[in-house]
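Mapping the sequence shown onto this note's numbering, position 259 (from 1) lands on 627, and the numbers just tick up by one.
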Amino acid sequence: YCQQAVESSRSVRLPNSKSESENLAMISQVYEAYETLKRQERTLDFEDVLLLTVGMLEEDRGVRERVRDQYRYFTVDEYQDVSPLQQRLLNLWLGNREEICVVGDAAQTIYSFAGATSNFLLNFKNRFPNAQTFRLSTGYRSTPEIINTANLILRTANLISDHGIELQSANSHGEKPVVNGFASAADEISYVAVEVLGQINSGVNSSDIAILARTNAQLDQVKSALNNLKVPSQIRSGERFFERVDVRDAMRLIRGASVLPSEVGDWYADLVAVLQPFGDADYVTAFLRLAKSIKDNGGENMRAFLREIEDRAEQNNPPTLPGVTLATLHAAKGLEWDHLYLIGVSDGVLPMGNDLNEERRLFYVGVTRAKQRIQITYAGKPSVFLEQFN
Numbered sequence: 369y370c371q372q373a374v375e376s377s378r379s380v381r382l383p384n385s386k387s388e389s390e391n392l393a394m395i396s397q398v399y400e401a402y403e404t405l406k407r408q409e410r411t412l413d414f415e416d417v418l419l420l421t422v423g424m425l426e427e428d429r430g431v432r433e434r435v436r437d438q439y440r441y442f443t444v445d446e447y448q449d450v451s452p453l454q455q456r457l458l459n460l461w462l463g464n465r466e467e468i469c470v471v472g473d474a475a476q477t478i479y480s481f482a483g484a485t486s487n488f489l490l491n492f493k494n495r496f497p498n499a500q501t502f503r504l505s506t507g508y509r510s511t512p513e514i515i516n517t518a519n520l521i522l523r524t525a526n527l528i529s530d531h532g533i534e535l536q537s538a539n540s541h542g543e544k545p546v547v548n549g550f551a552s553a554a555d556e557i558s559y560v561a562v563e564v565l566g567q568i569n570s571g572v573n574s575s576d577i578a579i580l581a582r583t584n585a586q587l588d589q590v591k592s593a594l595n596n597l598k599v600p601s602q603i604r605s606g607e608r609f610f611e612r613v614d615v616r617d618a619m620r621l622i623r624g625a626s627v628l629p630s631e632v633g634d635w636y637a638d639l640v641a642v643l644q645p646f647g648d649a650d651y652v653t654a655f656l657r658l659a660k661s662i663k664d665n666g667g668e669n670m671r672a673f674l675r676e677i678e679d680r681a682e683q684n685n686p687p688t689l690p691g692v693t694l695a696t697l698h699a700a701k702g703l704e705w706d707h708l709y710l711i712g713v714s715d716g717v718l719p720m721g722n723d724l725n726e727e728r729r730l731f732y733v734g735v736t737r738a739k740q741r742i743q744i745t746y747a748g749k750p751s752v753f754l755e756q757f758n
């Protein structure tokens, strides 16, 4: 990770950047301070949990055997983004067994900077020669025009091979993707904001629209432009909805209120009062919309609403958030929208850094988030990734 950070700072040429040795020293100091803070706060992060679990399973035979007795079948999604440490843990869980199913797409490996590698996916048959392989080549999300664009992105860099898959769309034809260039990023963002407003005024639901960018800094500028036009929007982070601290706090209050009798017989009004301390946050609006729908369809009390959101939490199926979604390409992974704007496909922005294939895969992931319509924009000099689009 430290080496990735140094290489990123070198290739992107950040302002006030220092020499490689100075960068390494700075990263080392930050890392040491982070580890010290965790010890002081008696806190573990995700990597710690993995490391400690691996150590426990490797060193304690009794624990290892109990775990293997308890868990027999394994399914791993997004297998192209597994890290060596995660694979090590999976190996310890499995032992010599072969009851495992993995799902992945090497063309969507976008977390190499965090240690992920598609090698485990590509070499799966070498380890499990009797494994059955099912190649899922039919796309059910996007139109043929969007799928053809996505295929072109990979084909140009020879990322479609024996391991890659060229998709075919099962949907009806639609609009061709559009590429627009602008003199400046300010012009680009202003144009996209006005376009989005026009779509909403024409009847498109704002929650069916997304604007994707390479960095969060770009999204802040987009949000400001949308705010000026009174267009509701919310920046989506990579954190899952039900794992957000504020959402968990709200659910804790809802659980407490659900066991109390309603004084006026209107559980929806009680829910509004319970959520009042959280203001007009996006998740409050989403919860109240869902509660209103449940009440209108015969939900008799707050417990019915609580059961619904707890079921959704278990299935990772959050309620629809209001407004246009703004997200980085990484945070958009696994999501989809009818109408998509992919901004900042400009030289020096996308690709960013010196791993062109990783950045091209990230571009591919962004394009394949669109279901019906996509518009790609850039400011100044277009990205090298747009050369094949004439």
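All C-beta atoms, glycine included, are put in the ideal place defined by N, C-alpha and C.
Report task. May I have the straight-line CA-CA distance separating E467 from L565, to the nearest angstrom? Result -> 51 Å
Query raised in the report: Hey, would you say P750 sits closer than 9 Å to V547, going by beta carbons?
Result: yes
**Report entry** Cβ-Cβ distance between E513 and Q476 below 9 Å
**Finding:** no
Query raised in the report: Mapping DSSP to helix, strand and coil, what is V627?
Result: coil
Query raised in the report: Should the region 699 to 708 be called in touch with the region 567 to 587, which here means at least 3 C-beta pairs below 8 Å?
Result: yes
Requested in this report: For T693, verify whether its CB is less than 8 Å away from any heavy atom of the ligand FMN.
Outcome: Within the structure as shown, the ligand FMN is missing, as the structure has no ligands at all.
Report task. Please work out which residues of its chain come closer than 7 Å, Cβ to Cβ, to D530, disregarding the five sequence neighbours upstream and downstream, and give them in chain order. Result -> Note that D530 scores 47 on pLDDT, short of 50, meaning its location in the model is unreliable; the coordinates nonetheless yield the value given after this. No residues qualify anywhere along the chain.
Requested in this report: Take every Cβ of the region 726 to 737, pair it with every Cβ of the region 609 to 623, and state whether three or more of those distances are shorter than 8 Å.
Outcome: No, they do not touch.
Requested in this report: Following the continuous beta strand (DSSP E) through R604, name the residue where it begins and the one where it ends.
Outcome: S601 to R604
Query raised in the report: Is T693 helix, strand or coil by DSSP?
Result: strand
Query raised in the report: Straight-line CA distance for T485 to L639?
Result: 45 Å
Requested in this report: Would you identify the three-state DSSP class for G368, choosing helix, strand or coil?
Outcome: Not covered by the structure: residue 368. The range shown for the chain is 369 to 758.
Query raised in the report: Taking all protein chains shown into account, do 16 or more other C-beta atoms lie within 10 angstroms of the C-beta of A581, making it buried, or fewer, making it exposed?
Result: buried
Query raised in the report: What do you reckon, are the CB atoms on Y746 and E556 nearer than 9 Å?
Result: yes
Query raised in the report: Are the CB atoms of A649 and D614 nearer to each other than 9 Å?
Result: yes
Requested in this report: Measure the CB-CB distance between L656 and I622 and report whether it falls below 9 Å.
Outcome: no
Query raised in the report: So who's on the other strand from I579, going by DSSP bridges?
Result: L694 and Y709
Report task. Label R396 either buried or exposed according to how many other C-beta atoms from any shown protein chain fall within 10 Å of its C-beta, with 16 as the threshold for buried. Result -> According to the sequence shown, residue 396 is Ser rather than Arg. Taking all protein chains shown into account, S396 has fewer than 16 neighbouring C-beta atoms within 10 Å of its C-beta and is therefore exposed.
Query raised in the report: What are the boundary residues of the alpha helix (DSSP H) that R675 is part of?
Result: Unbroken alpha helix (DSSP H) run through R675: M670 to Q683.
Report task. Measure the alpha-carbon distance for Q743 versus I533 and round it to whole angstroms. Result -> 24 Å
Query raised in the report: For P781, which of helix, strand or coil comes out of DSSP?
Result: One cannot answer for residue 781 here, as it falls past the ends of the chain, which runs 369 to 758.
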